[in-house]
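In UniProt numbering, the protein residues as written are 1 to 594.
What follows is the structure, given as structure tokens:
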């Protein structure tokens, strides 16, 4: 097989086909570096559970979710002599298991398994080398109440060495490919902190002008180049600001699923999705429901689309959140690894966790607090949040700096009522007034709609009624949701659920299915031709169409709430939302024409 790829893709990833659950085994070889030094293996992901051996020696394992990057050091003593081959053996287990894969608690989407992202080999040295350089804008706390309102012109840098070291160090910094400047610093436990470094010729990053800088750090003969943006996310009387300007955020939730490649997309597939987001006039994407591929974040940085990054964990229970000896220990590891891999991305404006978790139970609040305290302690330049589906019953909002609700008026409630989206006004009013079960915990904080929408079956293009599941009804509900979000100043943003239709799970964390066959086991519709299994075939024969479909909670094993279908074909709702999103920040459009 090839790496990266998913080991459980069936029928080109088309919904309704049950993928295998089990263990995948990968074997490859690499040459020992010269000089008798150790190496470091970095996995951009290994899903769900991962166990790694080199030359028969167990190097380590990983249980903190199949969507975060992690690294394992291989001691020199485990390696063959200089230039000789070494065997790397990896076991990937995509079975739901509370012990080996505790972060995979469920969620209504297919969790793909295997080495779904790249694996990298780094050669170490006899002395510690530079491993990472984390770059954050100076004085950019989302909670700051005074100081300059525009974009920062300086940065704070944290250098992480490959091993612990204390004492003075010499290094050099170069901005945007310029002349290196020598600097001195002090290492403490393998970290060097440099604060308020003025950036030469600073250019702000924003959705309407996403300017990026680079910083090259050279240390002991090696260099790390990191890209960053100068921007300040803030809060002006309960409204989100970017560089001091109140900005309405609009866009879609986005899973990591593509035809044929599933959770291991090609560069071209990611480029195409970002182009569609731009065509839809989105300036905001929520990364549902797990940390996303850093290649996608690179593209959002360049496109000026802000991104909500959250840890894996839909269907987390109150019991999970009270388990501090195991579950929460690994959850905080997952959160740390998410920040490790995404901290430098200019587009990331919020860190999130516990999608639709038990926030209505006060005993869950310490878990929300622990995640908020970690993210705020390490990175106060982003909001701390979660997507809450308890309406006004959430009790933990004192620990959030951004309040976000999931709700589906007109779909799961008040079905058939095209005015149901107006319910959002009352929810926003409660957040502003502090009348949720969190009381004053919501006061003065921005409010966003983190999920809303309705389903529409793409193949029903000829159905002109507005019955449930028709494209017309989907368009009416989504139109109402967007209208409320744009017209209400107490709503800072909206991300529709979902950008495209996607493959759902079978039985989730209750796998194997104990009741019935599940949502994916032969639930696919009859297609007019078999789903393509290669990109070449997809280009040659095109997407298949359902010739009929059984309408249930997940018709055809698919969530149909996308504004596009699974194959990225537009539904009317996409064009309607795009036209409305285009006007979301009309003042900015007008200014750009002056």
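For glycine and all other residues, C-beta sits at the position ideal for the given N, C-alpha and C. Predicted model, so just to flag it, every value in this text is computed and none were measured.
* residue 529, buried or exposed, once every other Cβ within 10 Å from all chains shown has been counted against 16 -> exposed
* To do: Look at the Cβ atom of residue 353, then the Cβ atom of residue 310, and state whether they are nearer than 8 Å.
  => yes
* Asked: Are residue 73 and residue 40 close, meaning C-beta to C-beta below 8 Å?
  -> yes
* Count the C-beta pairs between the stretch 543 to 558 and the stretch 27 to 46 that are closer than 8 Å, then say yes if the count reaches three, no if not. => no
* Asked: Are the beta-carbon atoms belonging to residue 471 and residue 580 less than 8 Å from one another?
  -> no
* Tell me, please, whether the stretch 92 to 102 touches the stretch 124 to 137 by the rule of three or more beta-carbon pairs shorter than 8 Å. => no
* Below 8 Å between beta carbons: does that hold for residue 336 and residue 406? -> no
* residue 296: first and last residue of the uninterrupted alpha helix (DSSP H) it sits in -> 294 to 303
* To do: Report the option in 204, 390 and 449 whose CA atom is closest to the CA atom of residue 212.
  => 204
* Whose CA, out of 147, 186, 43 and 66, lies closest to the CA of residue 88? -> 43
* Extent of the continuous beta strand (DSSP E) run through residue 240 -> 239 to 242
* To do: Please list the segments of the alpha helix (DSSP H) lying wholly inside the stretch 352 to 406, counting only runs of 4 or more residues, in order along the chain.
  => 365 to 378
* Asked: Any idea what DSSP makes of residue 109, helix, strand or coil?
  -> coil
* With distances taken Cα to Cα, identify the nearest neighbour of residue 517 among 387, 18, 10 and 4. => 18
* Asked: Can you tell me the Cα-Cα spacing of residue 59 and residue 238, whole angstroms?
  -> 48 Å
* **Nearest candidate by alpha-carbon position, reference residue 550, set 496, 526, 144 and 537** => 526
* Excluding five sequence neighbours on each side, which residues of the same chain lie with their C-beta closer than 6 Å to the C-beta of residue 409? -> 420, 421 and 423
* To do: Measure the alpha-carbon distance for residue 389 versus residue 112 and round it to whole angstroms.
  => 25 Å
* **As assigned by DSSP and simplified to three states, the class of residue 335** => helix
* Residue from 102, 386, 437 and 430 whose Cα sits closest to the Cα of residue 393 -> 437
* Specify, as a first and last residue, the run of the beta strand (DSSP E) that residue 252 falls within. => 249 to 254
* Taking the continuous alpha helix (DSSP H) assigned at residue 427, which residues delimit it? -> 423 to 433
* With C-beta atoms as the reference, is residue 571 less than 8 Å away from residue 13? -> no
* Asked: Contact check, residue 372 vs residue 384 under 8 Å by CB: the rounded distance?
  -> 4 Å
* **Nearest residue (CA-CA) to residue 234, options 349, 452, 125 and 104** => 349
* Could you check the C-alpha separation between residue 378 and residue 435 for me, to the nearest Å? => 31 Å
* Report yes or no: do three or more beta-carbon pairs, one from the stretch 444 to 456 and one from the stretch 507 to 514, lie closer than 8 Å? => no
* Look at residue 445 and residue 401 and say whether their C-beta atoms are less than 8 Å apart. => yes
* **Extent of the continuous alpha helix (DSSP H) run through residue 212** => Here residue 212 belongs to no alpha helix (DSSP H), and DSSP marks it neither H nor E.
* Since residue 136 is in the beta strand (DSSP E), which residue starts that stretch and which ends it? -> 130 to 137
* To do: Would you tell me roughly how many angstroms separate the C-alpha atoms of residue 255 and residue 499, rounded to the nearest one?
  => 8 Å
* How long is the line joining the alpha carbons of residue 559 and residue 288, rounded to whole angstroms? -> 14 Å
* Residue interval of the alpha helix (DSSP H) (run including residue 472) -> 471 to 487
* DSSP on residue 17, reduced to helix/strand/coil? -> coil
* Please report the Cβ distance between residue 508 and residue 107, rounded to the nearest whole angstrom; I am assuming they are in contact, meaning their Cβ atoms lie under 8 Å. => 7 Å
* Give me the Cβ distance between residue 104 and residue 48, rounded to the nearest whole Å; I'm assuming they're in contact under 8 Å. => 5 Å
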